[in-house]
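Reading through the C-alpha cells given below for one structure.
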Amino acid sequence: MQTFQLGQFTVRRIGFGAMQLPGPGVMGPPRDHDEAIAVLRRAVELGVNHIDTAQYYGPDVSNELIREALHPYPDDLVLVSKIGAIRDADGGWPTAHRPEQLRSAVEDNLRTLGIERLGAVNLRIPDHPPTDPDQQVPLEDQLAEMVALRDEGKIAGIGISTADRAQVEQAIEQAGIVCVQNAFSLLDQADADVLDLCAQRGIAYVPYFPLGSAFPWVPKVTEDPTVQAVAERIGATPAQVGLAWLLSHRDNILLIPGTSRVAHLEQNLAVADLDLSDDDLAQLGTAGRR
Ligand SMILES: NC(=O)c1ccc[n+]([C@@H]2O[C@H](COP(=O)([O-])OP(=O)(O)OC[C@H]3O[C@@H](n4cnc5c(N)ncnc54)[C@H](OP(=O)(O)O)[C@@H]3O)[C@@H](O)[C@H]2O)c1
C-alpha cells in the first residue's frame, strides 16, 4: 500500500476513522461491541497504521474501544485525535477553545488511549463562530497552546481541522502543521484550494466525510448515479470508487473512512488494489458536486 508522511511518521494512505464506533449520534456504547473491537483489530491486521479518533466521540467510547482492542499498540501505529469541543448531555458539541481546555482535552485523550504522546492532534475550528465571549479565543493563542503541548512532548505533530485557507496559512506559519483535516469528497470539492496548498507544502490532507458521512444531510457518494455506474462497470462497490477517486486525486491525501462493520472495512482497505482508468476518472468528473 502507498504511504505518505504524517509529520515524522510514514503512514499507509488508507487509515481508519473511529467516529462510527460509538452509538447513534456519536454518543454512548456501540451498536455491537464485539463488532467494534473486531473492526479495529482487523484494520491493524490488514495494515492500517493511522487511526483518527477523538475523546469526544462517545465521549470516551472510541478511545476506550481502541485501547481495549489494540493496547499494547503496535510500534508503527499512529493515533491522531482532535480537540476543540466537548459533549453535552443532549449530544451537542459545545466548543472548548480556551487554552486550558485544549490542554485538558489532550490529557483526556492521552489517558483514555493509554499513551504518553499523540501522533498528531487537530485543532478543530468550530463550524460557526462561537457566540459565547469566553470561547472567542484568538487562533494565535490556541496555536500557541498547541505548540507548548508539542514542546512538552504530549503531541508529536499539530494539525488543524475545518479551517479556511487563511487559518491554514496561519497554522503553517505559526505552528508548522503536519496535517489538515477538512471535509472533502468526490461530491464536495469546495476545499480544493486548501488541498492544493497542502500538496504544495508537503502537508498531509486528511478528508473527513470521504463517503459523505453517516449524517443524513450530507450527500452520499455511494448514492451518486455516476459513481454507481462506474462501480458496476469495473466490478467494485460505490464506496470503493469514491475512495479510489480520492487516492488518485492527490498524492498527499490520507484516507480515514469511518465504519462500524468489518465487511465495509475490508472493502475500504481493498481500494489499495483498485486503479481507476482515465475513462473512469473522466466519467467521475461529471459526478454531481456541491
Ligand atoms: N475533523 C472533523 O471535524 C471530523 C468530522 C467528521 C469526521 N471526522 C473523521 O473522519 C472520519 C471519516 O468521516 P465519517 O466517518 O464521518 O464519514 P465517512 O467515512 O464519509 O462515511 C461513514 C459512513 O459511510 C458508511 N460506510 C463506510 N464504509 C462503507 C462501505 N464500504 N460501503 C458502504 N457504506 C460505508 C458508514 O456506515 P457503516 O458504519 O455501516 O459502514 C458510515 O455511515 C471519521 O470517522 C472521523 O474519524 C472528522
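Going left to right, the sequence shown walks through residues 66 to 355 as our numbering numbers them.
Here a beta-carbon is modelled for each residue, glycine too, at the ideal position from N, C-alpha and C.
Keep in mind that this is a model prediction, so the values were computed, not measured.
| Query | Result |
| --- | --- |
| With a floor of 4 residues, list each alpha helix (DSSP H) that falls wholly inside the segment 163-235, ordered by position along the chain. | 164-178 and 204-216 |
| Suppose the cutoff is 8 Å on Cβ atoms and the five residues either side in sequence are ignored; what does the same chain contact list for H162 look like? | G149, P191, P195, Q200, V202 and Q207 |
| How about L214 and G184: are their beta carbons less than 7 Å apart? | no |
| May I have the straight-line CA-CA distance separating G88 from G123, to the nearest angstrom? | 7 Å |
| For the 8 Å Cβ check, are there 3 or more pairs between the segment 222-241 and the segment 294-311? | no |
| May I ask you to check if the CB of F274 is nearer than 6 Å to at least one heavy atom of ligand 1? | yes |
| Tell me the DSSP secondary structure of L339 in three-state form. | coil |
| Do you know whose CA, among R107, D153 and D125, lies nearest A134's CA? | R107 |
| In three-state DSSP terms, what is I79? | strand |
| Could you tell me the alpha carbon to alpha carbon distance between L142 and R77, rounded to whole angstroms? | 10 Å |
| Starting from L71 and walking both ways along the beta strand (DSSP E), at which residues does that stretch end? | T68 to L71 |
| Is it buried or exposed for D345, if we count other Cβ within 10 angstroms and need 16 for buried? | buried |
| In angstroms with no decimal places, state the Cα-to-Cα distance between L311 and F249. | 9 Å |
| I think G353 touches L252, with their Cβ atoms under 8 Å apart; what is that distance to the nearest whole Å? | 6 Å |
| What is the rounded straight-line gap between the Cα of L86 and the Cα of A337? | 23 Å |
| Tell whether a beta-carbon distance below 7 Å holds between R182 and G222. | no |
| For V259 and V245, I'd like the C-alpha separation in whole angstroms. | 9 Å |
| Taking buried to mean at least 16 other C-beta atoms within 10 Å of its own C-beta, is H98 buried or exposed? | exposed |
| Would you say N114 touches ligand 1, meaning its beta carbon is less than 6 Å from a heavy atom? | no |
| Taking just the CA atoms, how far does G93 sit from K147? | 18 Å |
| Mind checking who A328 pairs with in its DSSP beta bridge? | Its beta-bridge partners do not exist; DSSP assigns none. |
| Give the straight-line distance between the Cα atoms of S342 and G224, rounded to the nearest whole angstrom. | 33 Å |
| Please state if the CB of V286 and the CB of G307 are separated by a distance shorter than 7 Å. | yes |
| Applying the 10 Å Cβ sphere with the 16-neighbour rule, what's the burial state of H193? | exposed |
| Determine the contact status of D125 and I321, defining contact as a CB-CB distance below 7 Å. | no |
| If distances are taken between C-alpha atoms only, which option among L334, W282 and P281 comes closest to A301? | L334 |
| Helix, strand or coil: how does DSSP classify Q254 here? | coil |
| To the nearest whole angstrom, what separates the beta carbons of L188 and S127, a pair I think is in contact under 8 Å? | Actually they are not in contact, since the Cβ atoms of L188 and S127 sit about 18 Å apart, beyond 8 Å. |
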